[in-house]
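Participant: Residue numbers for the sequence shown follow the working numbering, beginning at -15 and rising by one.
We put the CB at the ideal spot given by N, CA and C, even for glycine.
The model shown is predicted, which means the values in this text are computed figures rather than measured ones.
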Amino acid sequence: MHTNLKPSQRVSVVDSINPQSANAVQTTGWIDAGKFHNYMAVISLGALGAAATVDAKIQQATSAAGANAKDIAGKAITQRTKVGADDNKQVLINLKQEDLDINNGFGFFQVSVTPAVAACLIGCSVLGFDARYGFATDNDAATVAEFIG
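Put into C-alpha cells, the structure is as follows:
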C-alpha cells in the first residue's frame, strides 16, 4: 500500500448511473476491466415506490460495445423491496478482474440496476482500486468535476 498517495490517487470513479427516478433498467457504460486490479459498484437506493423492487448485477462482454454480454456468476444483489424497508440503503458489489471470463475474451463489464413495479430513486458509482499503471485519477470518468486537497 502506498500511504503517501492521496485517496483520489488510489481510487477512481470510472463510471456511474446518475441519481434519478427510474422504473426501468439503467446501466453504466461498458468498462475496460484491465485498468485496475479491483472494482466496486456502490448502488444507492433512495425512496422506493409502492411495492417496488430493485435488482442489480454485473455483466461482462468481449468488447466496449457489449458484444456477447452475459452475467457474471455471483455478482447480483439480493432483490431490494419497498416491503422489506429497503428505502435509503446502499448495496456494494466487489469485482476482481479474474471474476471475468478472461480466457474467452471477456474484458469489459457494466453494472445494470433494474427498478420494477414502481419508480425508485437509484444511482450507482463504479470505483476502480489500485490502477495497473499511473494514478487512479488518470482513469476517472469525464463526469468527475473536481478534486479537493
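Using the beta-carbon count (16 or more within 10 Å), is residue 15 buried or exposed?
Facilitator: With 16 or more Cβ atoms within 10 Å of its Cβ, residue 15 is classed as buried.
Participant: For residue 66, name the three-state secondary structure that DSSP assigns.
Facilitator: Here residue 66 sits in coil by DSSP.
Participant: Let's see if you can read the secondary structure: which residues bound the alpha helix (DSSP H) around residue -7?
Facilitator: Where residue -7 is concerned, the enclosing alpha helix (DSSP H) stretches over -9 to -6.
Participant: If we count the other Cβ atoms within 10 Å of its Cβ and call it buried at 16 or more, is residue 23 buried or exposed?
Facilitator: With 16 or more Cβ atoms within 10 Å of its Cβ, residue 23 is classed as buried.
Participant: At 3 residues or longer, and completely inside the stretch 76 to 124: list those beta strand (DSSP E) runs for me, N to C.
Facilitator: Counting only runs of 3 or more, we get 92 to 100, 104 to 115.
Participant: Helix or strand or just coil, what does DSSP make of residue 73?
Facilitator: Correct three-state label for residue 73: coil.
Participant: Compare the Cα-Cα distances from residue 65 to each of 104, 77, 45, 108 and report the closest residue.
Facilitator: Residue 65 has its Cα closest to that of 104, out of 104, 77, 45, 108.
Participant: Among 130, 106, 120, 117, which has the Cα closest to the Cα of residue 0?
Facilitator: Among 130, 106, 120, 117, the Cα nearest to that of residue 0 is on 106.
Participant: Compute the Euclidean distance between the alpha carbons of residue 75 and residue 4, then round it to the nearest angstrom.
Facilitator: So the alpha carbons of these two residues sit roughly 16 Å apart.
Participant: Taking residue 96 and residue 44 to be in contact with their CB atoms under 8 Å, please state how far apart those CB atoms are, rounded to whole angstroms.
Facilitator: About 11 Å; that fails the 8 Å criterion.
Participant: Using three-state DSSP, classify residue 17 as helix, strand or coil.
Facilitator: Residue state, collapsed to three classes: helix.
Participant: Please report the straight-line C-alpha distance between residue -13 and residue 124, rounded to a whole angstrom.
Facilitator: About 20 Å.
Participant: Identify, in the order they occur along the chain, each residue of the same chain with its Cβ nearer than 6 Å to the Cβ of residue 21, setting aside the five sequence neighbours on each side.
Facilitator: 114, listed in sequence order.
Participant: Am I right that residue 18 and residue 81 are in contact with their C-beta atoms under 8 Å? What's the rounded C-beta distance?
Facilitator: Contact holds; Cβ gap of about 7 Å.
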